[in-house]
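Engineer:
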Amino acid sequence: MTTNHTTAQGPPELIGLDLSDDLASASLALARKFHRGATLWAVSPQWEPHAHHVAVEFVHPVIMGKRALPSVALVDPDPVAQTRIATRPGDVVIAIASAGDPKVRDLMRRAPAWGAMTIWIGFGPRPGPGSADHVLWVESDDPMVPATGRFVLMYHLLWELTHVCFEHLGVVTVEPEECTEEVCVTCSDEGRLAEAVQAPEPGSMSALVRTAAGEEVVDVTLVGEVRADDLLLVHAGAAITRLDDEQEQ
Amino acid sequence: MTELNKNTDFLYPFIEGAPEDPQALLVDLAASARGKAEVSARLQKDSLEEYEDQIQAAGAKMADRFSRGGRLYTFGNGGSSTDAATLATLFCRPALGRPVPAWSLAADQAVVTALGNDVGFELIFSRQVIAHSKPVDIVVALSTSGNSDDLMVALTEAKHRGLLTIGFAGHSGGSMSTSDDVDYCFTVHSQSIHRIQESHARLGFRLWSVVQEQTRRRAAATMAAAEQGGTR
Chain A
41 MTTNHTTAQG
51 PPELIGLDLS
61 DDLASASLAL
71 ARKFHRGATL
81 WAVSPQWEPH
91 AHHVAVEFVH
101 PVIMGKRALP
111 SVALVDPDPV
121 AQTRIATRPG
131 DVVIAIASAG
141 DPKVRDLMRR
151 APAWGAMTIW
161 IGFGPRPGPG
171 SADHVLWVES
181 DDPMVPATGR
191 FVLMYHLLWE
201 LTHVCFEHLG
211 VVTVEPEECT
221 EEVCVTCSDE
231 GRLAEAVQAP
241 EPGSMSALVR
251 TAAGEEVVDV
261 TLVGEVRADD
271 LLLVHAGAAI
281 TRLDDEQEQ
Chain B
720 MTELNKNTDF
730 LYPFIEGAPE
740 DPQALLVDLA
750 ASARGKAEVS
760 ARLQKDSLEE
770 YEDQIQAAGA
780 KMADRFSRGG
790 RLYTFGNGGS
800 STDAATLATL
810 FCRPALGRPV
820 PAWSLAADQA
830 VVTALGNDVG
840 FELIFSRQVI
850 AHSKPVDIVV
860 ALSTSGNSDD
870 LMVALTEAKH
880 RGLLTIGFAG
890 HSGGSMSTSD
900 DVDYCFTVHS
910 QSIHRIQESH
920 ARLGFRLWSV
930 VQEQTRRRAA
940 ATMAAAEQGG
950 TR
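Those protein sequence lines, which keep their order, are chains A and B.
Numbering-wise, the numbering used here comes out as the position in the first sequence, counting from 1, plus 40.
Numbering-wise, the numbering used here comes out as the position in the second sequence, counting from 1, plus 719.
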């Protein structure tokens with residue numbers, strides 16, 4: 041075996057303790073989102089077939105009697121532009137990509153402004169803390185990992201556990217209080233993530249932005265010139281900070 | 720999943736829809752993930768051991784065909800079509816190693832829908848085999864049942880035309896495992912479509928590794944012979 045730590049005795053461990061916990065949390069969160077009407081958008085710029093496999097897994101379950109769930113593979117050359125238009129607040133974006141993939145990094149950074157939960161499957165160096173809501177990572181630097189079935193196992197398990205959750209509706213129907221530093225209005229003065237939709241008209245300092253809560257108009261006096269797709273932090277009706285392109289949150 | 724319920728029912732003495740303990744569910748989900756991954760890993764190991772000799776033989780034949788200008792066509796339905804595409808990408812665009820020509824026959828939606836609409840779904844792959852293939856080429860078909868009509872028709876067409884035919888099947892192998900039109904059939908003995916697909920991926924990766932090694936050896940032998948022969 042090339043990709044795993046093999047022992048003479050038995051097969052390699054494919055899912056360790058930490059990863060199994062991550063899978064459990066991601067599955068419950070995903071089940072809760074589906075229960076509230078989410079669509080799962082799948083992106084994999086380097087390994088497109090994995091995005092298609094995720095979509096067909098959820099839309100056409102291999103086990104009779106399991107409900108079909110909305111999932112679509114997004115495979116345009118510009119996944120950020122395509123996902124931006126596709127997602128609605130409450131949706132979920134899943135990426136199968138390495139941590140260094142610039143398009144996916146950008147996508148994961150922006151998804152909170154669209155109100156989308158994020159799941160990131162990959163291998164090699166992990167994405168930084170907070171890069172996605174759920175990180176499901178294969179701890180291996182072997183460049184062949186994407187072709188060995190490790191990712192297939194990962195999204196199969198995500199699907200299987202999500203459907204186990206639907207057998208426990210009492211847990212699924214409860215949406216936990218979402219409270220992260222970046223998006224919670226009531227408990228943070230950090231501000232909420234926003235993406236500019238339309239720049240201010242000449243002579244105006246009001247820009248139309250999109251946040252997890254939908255579209256709103258904010259004052260951009262503090263941040264200066266704003267163009268469409270700029271990422272901003274907004275607080276109390278005003279943009280207070282501009283996020284640079286590669287600024288890690 | 721029934722087993723999971725059995726193990727955890729005592730934790731949920733509530734009627735359906737009543738509040739349950741999310742923490743207990745998460746613990747069960749994590750244990751279930753590890754259990755399924757163990758089953759998958761064991762099945763992969765068993766399958767690799769069962770088919771190592773045949774994979775070596777099939778890989779040698781594939782390497783020979785690639786060296787003579789052969790191309791690889793892969794196909795399957797649903798999730799298996801995406802696994803077929805991943806396998807084709809592994810051959811034609813490997814992260815490491817030497818690329819060889821390979822395509823997934825499910826990749827072109829214009830071709831697939833045109834054939835499906837005009838001549839019938841069971842002919843979507845065989846018509847492409849007729850259009851594209853030469854006797855030196857190779858087909859790899861993936862089906863968890865081993866019974867998909869569109870795959871079987873294409874395998875028969877490919878065999879008839881002199882191609883090397885390889886099938887990945889599951890359950891008890893279906894038609895794929897008994898057909899004379901399939902030169903090598905790797906049946907993953909499981910009832911779970913998920914676990915079968917995971918082993919298909921692992922076996923496909925092993926097949927690719929063998930082809931890479933064979934190709935490397937052939938090139939090394941050619942280079943050594945050229946050195947021995949001196950200047951022309």
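Ideal Cβ positions, reconstructed from N, Cα and C, are used throughout, including at glycine.
Every value quoted in this text rests on a predicted model; they were computed, and no experiment measured them.
Can you check whether the CB of residue 133 of chain A is closer than 8 Å to the CB of residue 85 of chain A?
Structural biologist: No, they are not a contact pair.
Engineer: Just to check, is the beta-carbon of residue 178 of chain A closer than 7 Å to a non-hydrogen atom of the ligand FAD?
Structural biologist: With respect to the ligand FAD, the structure offers nothing, as it holds no ligand at all.
Engineer: With distances taken Cα to Cα, identify the nearest neighbour of residue 883 of chain B among B/792, B/808, B/890.
Structural biologist: It is B/792 whose Cα lies nearest to the Cα of residue 883 of chain B.
Engineer: Sorted by chain position, which residues of the same chain lie with C-beta nearer than 6 Å to residue 871 of chain B's C-beta, five sequence neighbours on each side aside?
Structural biologist: 894
Engineer: Residues of chain A with a CB under 7 Å from the CB of residue 797 of chain B: which are they?
Structural biologist: 96, 100
Engineer: Between which two residues does the alpha helix (DSSP H) containing residue 77 of chain A stretch?
Structural biologist: Per DSSP, residue 77 of chain A belongs to no alpha helix (DSSP H) and is neither H nor E.
Engineer: Who does residue 895 of chain B pair with in a DSSP beta bridge?
Structural biologist: None; residue 895 of chain B has no bridge partner.
Engineer: Leaving out five residues before and five after residue 92 of chain A in sequence, what residues of the same chain have Cβ atoms less than 6 Å from its Cβ?
Structural biologist: 113
Engineer: Got a sec, what are the start and stop residues for the alpha helix (DSSP H) residue 201 of chain A sits in?
Structural biologist: 190-205
Engineer: Buried or exposed for residue 191 of chain A, please, with buried defined as at least 16 other CB atoms from any protein chain shown within 10 angstroms of its CB.
Structural biologist: Residue 191 of chain A should be labelled buried.
Engineer: For residue 799 of chain B, count neighbouring C-beta atoms within 10 Å of its own C-beta (all shown protein chains included) and say buried if the count is 16 or more, exposed if not.
Structural biologist: buried
Engineer: Work out the CA separation of residue 82 of chain A and residue 100 of chain A for me, nearest whole Å.
Structural biologist: 15 Å
Engineer: How about residue 818 of chain B: is its C-beta nearer than 8 Å to some C-beta of chain A?
Structural biologist: no
Engineer: What does a CB cutoff of less than 7 Å around residue 156 of chain A pick up in its chain, not counting 5 residues either side in sequence?
Structural biologist: 127, 131, 132, 133
Engineer: Span of the alpha helix (DSSP H) holding residue 148 of chain A?
Structural biologist: 142-150
Engineer: To which residues of the same chain is residue 159 of chain A closer than 6 Å at the C-beta, ignoring the five residues directly before and after it?
Structural biologist: 66, 134, 174
Engineer: Go through its chain and collect everything with a Cβ distance to residue 250 of chain A's Cβ below 7 Å, but skip five positions before and after it.
Structural biologist: 153, 154, 234, 235, 237
Engineer: Once DSSP output is grouped into helix, strand and coil, what is the label at residue 182 of chain A?
Structural biologist: coil
Engineer: So which of A/136, A/271, A/150, A/139 has the shortest CA-CA distance to residue 129 of chain A?
Structural biologist: A/150
Engineer: Just to confirm the assignment, what range does the beta strand (DSSP E) spanning residue 86 of chain A have?
Structural biologist: Neither: residue 86 of chain A is in no beta strand (DSSP E) and is coded neither H nor E.
Engineer: If you draw a straight line from the alpha carbon of residue 189 of chain A to that of residue 941 of chain B, how long is it in whole angstroms?
Structural biologist: Their Cα atoms are separated by approximately 34 Å.
Engineer: Please tell me whether residue 952 of chain B has its Cβ less than 8 Å away from any Cβ of chain A.
Structural biologist: No information on residue 952 of chain B is available, as it lies outside the stretch 720 to 951 that chain B covers here.
Engineer: Check whether chain B comes within 8 Å of residue 64 of chain A, counting only Cβ atoms and requiring the distance to be less than that.
Structural biologist: yes
Engineer: Would a check of beta-carbon distances place residue 912 of chain B closer than 8 Å to chain A?
Structural biologist: Closer than 8 Å: yes.
Engineer: Which residues in the same chain as residue 866 of chain B place their Cβ atom closer than 8 Å to its Cβ, once the five residues preceding and following it in sequence are excluded?
Structural biologist: Excluding its 5 nearest sequence neighbours in each direction, residue 866 of chain B has C-beta neighbours in its own chain below 8 Å: 893, 894, 895, listed in chain order.
Engineer: Can you list, in chain order, the residues of its chain whose CB lies under 7 Å from that of residue 789 of chain B, leaving out five sequence neighbours each side?
Structural biologist: When the five nearest sequence neighbours on each side are left out, the beta carbons in the same chain lying within less than 7 Å of the beta carbon of residue 789 of chain B are those of 855, 856, 857, in order along the chain.
Engineer: Below 7 Å on C-beta distance, what does residue 759 of chain B contact in chain A?
Structural biologist: 54, 193
Engineer: Taking the C-alpha atoms as reference points, what is the distance between residue 223 of chain A and residue 63 of chain A?
Structural biologist: Only weak support exists for where residue 223 of chain A lies, its pLDDT of 49 falling under 50; the value from the coordinates is given anyway. Approximately 23 Å between the Cα atoms of the pair.
Engineer: What does residue 751 of chain B touch in chain A if you count any residue whose Cβ is under 7 Å from its own?
Structural biologist: 201, 204
Engineer: Does chain B have any CB closer than 8 Å to the CB of residue 148 of chain A?
Structural biologist: no
Engineer: What does residue 211 of chain A touch in chain D if you count any residue whose Cβ is under 7 Å from its own?
Structural biologist: You won't find chain D in this structure, because its protein chains are A and B.
Engineer: Taking the alpha-carbon positions, what's the residue 765 of chain B to residue 88 of chain A distance?
Structural biologist: The alpha-carbon of residue 765 of chain B is positioned some 29 Å away from that of residue 88 of chain A.
Engineer: When Cβ atoms are compared, which residues of the stretch 931-944 of chain B fall closer than 8 Å to chain A?
Structural biologist: none
Engineer: How far does the beta strand (DSSP E) with residue 163 of chain A in it reach, from first residue to last?
Structural biologist: Its beta strand (DSSP E) spans residues 157-163.
Engineer: Less than 8 Å separating the beta-carbons of residue 862 of chain B and residue 795 of chain B?
Structural biologist: yes
Engineer: Check whether chain B comes within 8 Å of residue 87 of chain A, counting only Cβ atoms and requiring the distance to be less than that.
Structural biologist: So, interface residue.
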